[in-house]
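Report on one structure; see the data block that follows.
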Amino acid sequence: MTGFNHTLAGTVIALAIQQPLLIAPLAFASHFVMDSLPHFGRYPGLIPYNALFKRYLIGEAILCTAMLSFAISLSPSSWFILALGAAFATLPDFLWTLRNKAPQWTQWFFKFHTVIQWGERPYGWIYELIFTAFLISSLIRLA
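Below, the structure written as structure tokens:
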């Protein structure tokens, strides 16, 4: 799943749960649930850390920041839990960048994160759009 949809899911979880101690683990777990569903990935030109991939990551960062800002604008008093939900929902992908430097005992985590990605497809953007529509409507309804 794209970082944008993970960010969105984290904000929806935050507004639905409203309990920081529950938001963090639920948002973190949501990442793996979402990654186990069909989604965008394995696009031929997106090879980790090539020029296109770097541009894609910059675009994702901008979209994630914009979405979090939008969520905060809908519910300004919930800014902390919204940021918490977004951070924990995207955290597994940030941890992924450490996989080659992480201790051996943590490798099960990275293997698990790889195995569940069975549904990555170049045409997975169609599924991503469906998730986006559902999550945005949920966010607006909860705000």
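Per my numbering: the sequence shown ends with 150, consecutive numbering throughout.
The beta carbon of each residue, even a glycine, is placed where N, CA and C say it ideally should be.
These numbers come from a predicted model, not from an experiment.
Straight-line gap, residue i to residue j (C-alpha atoms, nearest Å)
i: A93; j: I79; result: 11 Å
i: L146; j: K108; result: 36 Å
i: I30; j: I20; result: 7 Å
i: I54; j: L102; result: 18 Å
i: R106; j: F95; result: 18 Å
i: T121; j: W132; result: 19 Å
i: A140; j: P32; result: 24 Å
i: L64; j: L70; result: 10 Å
Exposure of residue i, with buried meaning 16 or more beta-carbon neighbours within 10 Å
i: N12; result: buried
i: F39; result: exposed
i: T104; result: exposed
i: T18; result: buried
i: A34; result: buried
Other residues of its chain near residue i: CB distance less than 6 Å, five sequence neighbours each side excluded
i: M8; result: M41, D42, H46
i: W86; result: I79
Endpoints, the alpha helix (DSSP H) within which residue i is located
i: Y63; result: 58-81
i: S85; result: Run containing S85: none; DSSP gives neither H nor E here.
i: Q6; result: There is simply no residue 6 to check, as the chain begins at 8 and stops at 150 in what is shown.
i: M41; result: 27-42
i: N12; result: 10-24
Residue i (DSSP reduced to helix, strand or coil)
i: R128; result: strand
Closer than 8 Å to chain B by CB, residue i
i: G92; result: Absent here is chain B; the protein component of the structure consists of one chain.
Sequence-distant residues of the same chain with beta carbon closer than 7 Å to residue i, five excluded per side
i: F60; result: L53, I54
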